[in-house]
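These notes concern the structure reproduced below.
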Amino acid sequence: MKKLKRPNRTFCLSIIGFVFAFSAQHLAAQTHSSDSPAEQLQKESSACSYGKDYGLTEKNPIKLGGVLQGPARERAFLQNLLGPQGEEIRFERSKSCCPFTTPHGPVHQTGLLDVYETKINNQPYKKLYFNMYDEAQLCVPEGFQWKGEKNTP
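Written out as structure tokens, the structure reads:
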């Protein structure tokens, strides 16, 4: 049996560096905008047609897109949500979970969802699931309201 030779470490690091540099350039081209994340979210609106579990399950996450601005877009979205009676909500990122395949994933076309726990009056309310790799029209998850004149993001 022929013994396989290990690849040169410098070669491996060069390949990894190239992949990350290419991914960063590719993602930057997809997410270039002069608007802040909050302004981008305000411009996007839709009639909600994603189902009652929209944003509330890993199977139907809120698709914000904008990988390089993903966390800022998530916070901007959350900061514009109100509770069902117009209450202010608090939120905290609890984890990343649920690997999935996406053409926009930076490594092996894989992405992870970000999970945020929301609270109303210091009481746990609902978990929200965000996909920052793929983009779709936004709407307000069941049990929330949107700040502003329109009740859509």
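Our numbering puts the first residue of the sequence shown at 15, with every later residue one more than the last.
We put the CB at the ideal spot given by N, CA and C, even for glycine.
If you count every other CB in all the chains shown that lies within 10 Å of the CB of residue i, and 16 or more means buried, which is it?
| i | result |
| --- | --- |
| H118 | buried |
| G69 | buried |
| E88 | buried |
| P138 | exposed |
| V121 | exposed |
| P75 | buried |
Less than 7 Å between the beta carbons of residue i and residue j, yes or no?
| i | j | result |
| --- | --- | --- |
| L92 | S110 | no |
| S108 | E131 | yes |
| K141 | V154 | no |
Report all residues from its chain with a CB closer than 6 Å to the CB of residue i; omit the five preceding and five following residues, and keep chain order.
| i | result |
| --- | --- |
| K77 | N145, D148, E149, A150 |
| K133 | R104, Y139 |
| K66 | E156 |
Which same chain residues end up closer than 7 Å to residue i when comparing Cβ atoms and leaving out the 5 residues on each side of it in sequence?
| i | result |
| --- | --- |
| Q39 | Here the model assigns Q39 a pLDDT of 43, short of 50, so the residue's position is not dependable and the matter cannot be decided. |
| Q123 | T115, T116, P117 |
| E106 | Y130, E131 |
Enumerate in chain order the residues of its own chain whose CB-to-CB distance from residue i is below 8 Å, with the five nearest sequence positions on each side excluded.
| i | result |
| --- | --- |
| L96 | E102, I103, F158, Q159, W160, K161 |
Can you tell me which residues form a DSSP beta bridge with residue i?
| i | result |
| --- | --- |
| Y130 | R107, L142 |
Tell me, please, whether the CB atom of residue i is closer than 7 Å to any CB atom in chain C?
| i | result |
| --- | --- |
| G97 | Of the protein chains in the structure, only one exists, and it is not chain C. |
* Completely contained alpha helix (DSSP H) runs for the region 69-115, where each covers 4 or more residues -> Runs of the alpha helix (DSSP H) inside the region 69-115: 84-93.
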